[in-house]
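There are 2 protein chains.
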Amino acid sequence: MSATAERVARSTVNKFAQRRQMLAESALKAIAEQGYAETGLRAIAQHSELSHGSLHYYFEDKDDLIALAVWNYKSECARRYDDIIATARTPEEFADRFASTMTGTLRDEATLHRLWYDLRNQAMFNTGFRDTIVAIDDLLQEMVWAVVSRFAELEGVAPALTPPLAYALFDGVFQNTLIRFLRGDTQAVENLSIEVRGLLKSALA
Amino acid sequence: MSATAERVARSTVNKFAQRRQMLAESALKAIAEQGYAETGLRAIAQHSELSHGSLHYYFEDKDDLIALAVWNYKSECARRYDDIIATARTPEEFADRFASTMTGTLRDEATLHRLWYDLRNQAMFNTGFRDTIVAIDDLLQEMVWAVVSRFAELEGVAPALTPPLAYALFDGVFQNTLIRFLRGDTQAVENLSIEVRGLLKSALA
DNA sequence: GCAATTCTCGGACAGGCGTCAAAAAAACAC
DNA sequence: GTGTTTTTTTGACGCCTGTCCGAGAATTGC
Chain A
31 MSATAERVAR
41 STVNKFAQRR
51 QMLAESALKA
61 IAEQGYAETG
71 LRAIAQHSEL
81 SHGSLHYYFE
91 DKDDLIALAV
101 WNYKSECARR
111 YDDIIATART
121 PEEFADRFAS
131 TMTGTLRDEA
141 TLHRLWYDLR
151 NQAMFNTGFR
161 DTIVAIDDLL
171 QEMVWAVVSR
181 FAELEGVAPA
191 LTPPLAYALF
201 DGVFQNTLIR
211 FLRGDTQAVE
221 NLSIEVRGLL
231 KSALA
Chain B
31 MSATAERVAR
41 STVNKFAQRR
51 QMLAESALKA
61 IAEQGYAETG
71 LRAIAQHSEL
81 SHGSLHYYFE
91 DKDDLIALAV
101 WNYKSECARR
111 YDDIIATART
121 PEEFADRFAS
131 TMTGTLRDEA
141 TLHRLWYDLR
151 NQAMFNTGFR
161 DTIVAIDDLL
171 QEMVWAVVSR
181 FAELEGVAPA
191 LTPPLAYALF
201 DGVFQNTLIR
211 FLRGDTQAVE
221 NLSIEVRGLL
231 KSALA
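Here it is as structure tokens:
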């Protein structure tokens, strides 16, 4: 077991773990701005209150830091629709809340979603944080499936597609809209709200 | 007008233009292997028969080179289904040939498609070759729309979605399958063949 | 054949990268 | 308050980056 891994294991909520979280957040901000390829450890440190040398005191290497950063943010993302799934009482309410939550996060956290797609792409080339990316991908697929199957339940029918396909479709529409939005197409976000409702319905048997 | 741009304009099929094409191909190979972030001009030069110093004789800068490389490959991709659109006589033949062509290129040129998604992501951060990426995106959307509307024509009905949505759905499924395939999931490619047929049908009114 | 042009190479440049280590600073124990 | 441990900084390391330049090679024009 390495030195940093030891420190992680020794305590979960002490200052060491808190510092890791803080630095992971700083990394998130930096990469969200500049992208993985253009963001160095010094840029990440400048987004925090520590110097670049300290990063290796809290993390094995750059990949270790980035893995925690993206995990923190994106595993939270995957829980964003839990409340809707649990409390929506009609298909209409469900679809409305789902669509507005999705368009909302796309609008408000566009650079963070951009970061996710950036890192997922990097994971196609580097093995560094691939495991984390795969784990998040699984989480997101489960989330989409929970949404689709709950909607089907409210409609009283069965889903008409598989979990992977459902994820691929919603992710495709989301990513496509994000790209258009970042290119200045604000209309795309409004269309997303409609398209997502249509997708939900066409996912039923 | 810059020096290199002058040379481009002066002649289209002379040695200068040929060298540009050759170097663009070398760049394509290099980036397909390592990814944009990890590929330097020296690595590109090593995939060619020239030295790294010559690249600036034929290209303004790195972005200029990459723009030509991805344009060469991907604008060709966008014409890959033209023959099917022109010659398929029944909806069944159309869907079969479309699905098998798509799964074929995914299998055989996986690293090149990975490169495309890599560069499209980079264009979300850098303005360097963004115009080229946007132009290709438009081309691909037109291609998908030509596919969908021709299939609808063969079926004797109208398409039930917009061009941007159609592109988003097919691109989402393709990208998702590519990722799974590169992670070692060979089953995903076979599923794609089925899913694409389903998508075609659900795109009709 | 010579002269002019086109092309290619290899090295230099400034600057950035991830990583590491020594020393200074801070926090803690007693 | 002193001694010990934890935390942080600073600066260095070797390597790589995109770009540029000068010298030489190859090609062309006549």
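In order, the protein sequence lines correspond to chains A and B.
In this text, residue positions in the first sequence follow our numbering: the first is 31, and each later residue adds one.
In this text, residue positions in the second sequence follow our numbering: the first is 31, and each later residue adds one.
Where is the CB? At the ideal position from N, CA and C, for every residue including glycine.
Because the structure is a prediction, the values reported are computed rather than measured.
Query: Enumerate in chain order the residues of its own chain whose CB-to-CB distance from M31(A) is below 7 Å, with the five nearest sequence positions on each side excluded.; Result: Reliability of the predicted coordinates at M31(A) is poor, the pLDDT of 43 falling under 50, and the value obtained from them is presented with this limitation in mind. Around M31(A): no qualifying Cβ.
Query: In or out: I224(A) buried (at least 16 other Cβ within 10 Å) or exposed?; Result: exposed
Query: Output needed for Q48(B): all residues of its chain with C-beta closer than 6 Å, excluding positions within five of it in sequence on either side, in chain order.; Result: none
Query: Going along the chain, which unbroken runs of the alpha helix (DSSP H) with 4 or more residues stay wholly within the segment 97-127 of chain A?; Result: 112-117
Query: Does L212(B) come within less than 7 Å of chain A when only Cβ atoms are used?; Result: yes
Query: For G228(A), which residues of its own chain have a beta-carbon under 8 Å away from its beta-carbon, when the five flanking residues on both sides are left out?; Result: none
Query: Name the DSSP beta bridge partners of P189(A), please?; Result: L234(A)
Query: Please report whether the beta-carbon of L195(A) lies at a distance below 7 Å from any beta-carbon of chain B.; Result: yes
Query: Restricting to runs no shorter than 4 residues, where is the alpha helix (DSSP H) found entirely within the segment 37-99 of chain A?; Result: 45-64, 71-76, 85-88
Query: Would you mind telling me which residues of chain B sit closer than 8 Å to A67(A), beta carbon to beta carbon, in chain order?; Result: Y66, A67, Q152, F155
Query: Rounded to a whole number of angstroms, what is the C-alpha to C-alpha distance between L191(B) and Y88(B)?; Result: 44 Å
Query: Anything in chain A within Cβ reach of V174(B), meaning under 7 Å, just list it in chain order.; Result: Here the premise fails: no neighbours, minimum Cβ distance about 11 Å.
Query: Give me the subset of the segment 76-97 of chain A whose CB atoms are less than 8 Å from a CB atom of chain B, sorted by chain position.; Result: none
Query: Taking C-beta pairs closer than 7 Å, name the residues in chain B that R137(A) reaches, listed in chain order.; Result: Neighbours of R137(A) on chain B: none; closest Cβ ~16 Å, over 7 Å.
Query: With a cut-off of 7 Å, does the C-beta of G202(A) fall near any C-beta of chain B?; Result: yes
Query: Alpha carbon to alpha carbon, how far is T207(A) from R110(A)? Give it in angstroms, no decimals.; Result: 19 Å
Query: Note the first and the last residue of the continuous alpha helix (DSSP H) segment covering T141(A).; Result: 140-152
Query: Which residues of the segment 214-226 of chain B have a Cβ closer than 8 Å to any Cβ of chain A? Give them in chain order.; Result: A218, N221, E225
Query: Going by C-alpha distance, which of A118(B), A60(B), G134(B), G83(B) is nearest E220(B)?; Result: G134(B)
Query: Please list, in chain order, the chain A residues whose beta carbon lies closer than 9 Å to that of Q205(B).; Result: A198, D201, G202, Q205
Query: So, A198(B) versus G202(A), is the Cβ gap smaller than 7 Å?; Result: yes
Query: Under a three-way DSSP split, which group does R213(B) fall into?; Result: coil
Query: Under 7 Å, Cβ to Cβ, is there at least one residue of chain B near T42(A)?; Result: Caution applies to T42(A), whose pLDDT of 44 falls short of 50 and renders its modelled position unreliable; the value that the coordinates give is listed next. For T42(A), the answer is no, since every Cβ of chain B falls outside 7 Å of its Cβ.
Query: Go through its chain and collect everything with a Cβ distance to S41(B)'s Cβ below 6 Å, but skip five positions before and after it.; Result: Residue placement at S41(B) is poorly supported in this model, since its pLDDT is 47, which falls under 50; the coordinates still yield a value, given next. Within the same chain, S41(B) has no close Cβ partners at all.
Query: Can you tell me which of the three DSSP states N156(A) falls into?; Result: coil
Query: Relative to chain A, which residues along the segment 120-150 of chain B have a C-beta separation below 8 Å, given in chain order?; Result: R144, Y147, D148, R150
Query: Hey, how far is the Cα of L212(A) from the Cα of E68(B)?; Result: 25 Å
Query: With a threshold of 6 Å on Cβ separation, who are the neighbours of V174(B) within its own chain once the five nearest residues in sequence on each side are excluded?; Result: A196, Y197, F200
Query: Compare the C-beta of S232(A) against all C-beta atoms of chain B and say whether one is closer than 7 Å.; Result: yes
Query: Whole angstroms is fine: what's the gap from F124(A)'s alpha carbon to L142(B)'s?; Result: 40 Å
Query: So, for A57(A): in the same chain, excluding its five sequence neighbours on each side, which residues have a beta-carbon less than 7 Å away from its beta-carbon?; Result: I74, L95, I96, A99
Query: Candidates L85(A), Y103(A), R50(A): which alpha carbon is nearest I163(A)'s?; Result: Y103(A)
Query: Considering only C-alpha positions, which residue in the set K92(A), K231(A), K59(A) is nearest to S78(A)?; Result: K59(A)
Query: Please classify D148(B) as buried or exposed, where buried requires at least 16 other C-beta atoms within 10 Å of its C-beta.; Result: buried
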